[in-house]
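Residue numbers (my numbering): 47 to 374.
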């Protein structure tokens with residue numbers, strides 16, 4: 047039995063808390079919202095997961111100190127754009143606990159990955175990244191899920207694998223922190239594009255092509271940023287790409303679908319009602335592609351849709367009428 051802090055009480059943070067509590071661990075769940083804390087503690091419910099029941103062993107608090115002190119490791123699962131600010135608030139309470147990143151994205155202004163952000167704020171932190179094909183809605187009701195955890199530290203890999211493993215969740219290990227993190231961050235962009243495709247009525251042929259060519263793009267960028275190709279073709283890249291592109295659970299896909307149906311970006315954000323990581327990630331990937339001179343036509347097309355007034359149908363025509371190429 048471990049004592050575990052989870053920083054972030056959104057759907058993924060709560061789903062992980064439910065899973066870990068069912069394994070017999072004590073979970074301190076941090077929330078920025080007293081309302082969410084009260085609902086979790088008193089009603090045993092999460093507003094983001096209406097079908098889930100909060101088990102015993104989970105205590106929600108708005109105090110970083112109460113959440114972190116005395117724990118064996120910390121799970122960080124806030125939206126990526128809040129990561130640095132939240133880490134600044136809790137880093138004084140971190141002693142030697144490993145930090146497991148379960149957020150997926152980049153820091154927009156710096157173009158840094160989240161492990162780089164946390165390492166800047168807590169230089170001696172032992173960091174791991176947990177990612178893979180997983181919807182909070184399914185984990186919270188104990189549907190079988192397979193994930194991968196990456197770290198440079200063997201003891202951290204064992205700690206996390208042992209804590210999470212059950213007959214409902216299988217955990218593989220990797221030492222490719224960058225690859226696992228980038229797979230989780232970049233797949234959101236292609237999921238958003240899949241939503242746009244659904245919104246304008248495209249078919250299964252299109253989705254298959256989008257996933258395949260989208261994987262080629264995110265792999266080119268991921269390798270340029272230090273990830274390994276095999277990792278990006280594994281659970282955190284291809285696996286997460288498939289589940290996020292094809293499922294209505296995906297908020298990134300839902301947002302893209304709304305854009306395809308003619309909604310504005312603000313209208314899509316309001317209707318989805320939760321943070322849409324792909325929006326910021328598209329800007330970051332667009333900038334990183336230019337910096338590293340990487341051809342990313344799908345990213346260019348969706349960037350044009352969001353920020354340059356390009357109509358989705360015109361974006362499809364541009365992609366379909368690109369110059370002849372070999373598949374690579």
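Glycine included, C-beta positions come from ideal geometry on N, C-alpha and C.
Through-space distance from residue j to residue i, alpha-carbon basis
| i | j | result |
| --- | --- | --- |
| residue 341 | residue 311 | 25 Å |
| residue 273 | residue 203 | 18 Å |
| residue 127 | residue 196 | 22 Å |
| residue 190 | residue 306 | 32 Å |
| residue 77 | residue 267 | 34 Å |
| residue 374 | residue 356 | 27 Å |
| residue 253 | residue 110 | 42 Å |
| residue 118 | residue 346 | 43 Å |
| residue 124 | residue 326 | 15 Å |
| residue 159 | residue 150 | 9 Å |
| residue 83 | residue 363 | 48 Å |
| residue 281 | residue 324 | 19 Å |
| residue 88 | residue 61 | 17 Å |
| residue 167 | residue 136 | 10 Å |
| residue 73 | residue 230 | 24 Å |
| residue 236 | residue 283 | 11 Å |
| residue 300 | residue 288 | 15 Å |
| residue 350 | residue 361 | 8 Å |
| residue 308 | residue 234 | 20 Å |
| residue 86 | residue 101 | 10 Å |
| residue 71 | residue 51 | 10 Å |
| residue 261 | residue 251 | 16 Å |
| residue 343 | residue 154 | 20 Å |
| residue 184 | residue 359 | 33 Å |
| residue 92 | residue 319 | 14 Å |
| residue 129 | residue 366 | 38 Å |
| residue 131 | residue 217 | 29 Å |
| residue 94 | residue 67 | 18 Å |
| residue 75 | residue 57 | 12 Å |
| residue 322 | residue 205 | 30 Å |
| residue 290 | residue 245 | 15 Å |
| residue 255 | residue 271 | 24 Å |
| residue 222 | residue 279 | 13 Å |
| residue 219 | residue 275 | 16 Å |
| residue 339 | residue 354 | 21 Å |
Status (buried if at least 16 other CB within 10 Å, exposed otherwise) for residue i
| i | result |
| --- | --- |
| residue 337 | exposed |
| residue 277 | buried |
| residue 90 | exposed |
| residue 369 | exposed |
| residue 161 | buried |
| residue 28 | One cannot answer for residue 28 here, as it falls past the ends of the chain, which runs 47 to 374. |
| residue 138 | exposed |
| residue 144 | buried |
| residue 243 | buried |
| residue 215 | buried |
| residue 265 | buried |
| residue 192 | exposed |
| residue 141 | exposed |
| residue 258 | exposed |
| residue 55 | buried |
| residue 178 | buried |
| residue 201 | exposed |
| residue 156 | exposed |
| residue 372 | exposed |
| residue 298 | buried |
| residue 59 | buried |
| residue 208 | exposed |
| residue 225 | buried |
Proximity winner among the options, relative to residue i (alpha-carbon distances)
| i | options | result |
| --- | --- | --- |
| residue 198 | 185, 152 and 176 | 176 |
| residue 99 | 54, 65 and 111 | 65 |
| residue 152 | 317, 339, 227 and 250 | 227 |
| residue 331 | 187, 232 and 297 | 232 |
| residue 211 | 221, 188 and 224 | 188 |
| residue 81 | 57, 106 and 68 | 106 |
| residue 171 | 206, 219 and 120 | 120 |
| residue 285 | 48, 194 and 116 | 194 |
| residue 53 | 108, 313, 290 and 96 | 108 |
| residue 96 | 186, 256, 238 and 275 | 186 |
| residue 116 | 63, 219 and 48 | 48 |
| residue 296 | 63, 348 and 239 | 239 |
Whole-Å CB distance - residue i paired with residue j, under 8 Å assumed
| i | j | result |
| --- | --- | --- |
| residue 79 | residue 181 | So it is not a contact: roughly 22 Å between Cβ atoms. |
| residue 328 | residue 352 | 6 Å |
| residue 147 | residue 122 | 5 Å |
| residue 241 | residue 335 | Between residue 335 and residue 241 the Cβ distance is about 21 Å, and since that is not below 8 Å, they are no contact. |
| residue 133 | residue 164 | 6 Å |
Contact test: residue i Cβ vs the ligand GDP heavy atom, cutoff 7 Å
| i | result |
| --- | --- |
| residue 124 | Questions concerning the ligand GDP fall outside what the structure shown contains, since it holds no ligand whatsoever. |
message = Suppose only complete runs of 4+ residues qualify. What are the alpha helix (DSSP H) ranges in the stretch 154–208, listed by chain order?
response = 160–167 and 182–185
Runs of beta strand (DSSP E) wholly within the stretch 197–263 (minimum 3 residues, chain order) = 215–220
inquiry  = Just to confirm the assignment: which complete alpha helix (DSSP H) runs, minimum length 4, are found wholly within the stretch 310–336?
reply    = 311–318
Secondary structure, beta strand (DSSP E): runs of 3+ residues fully inside the stretch 66–104 = 72–76
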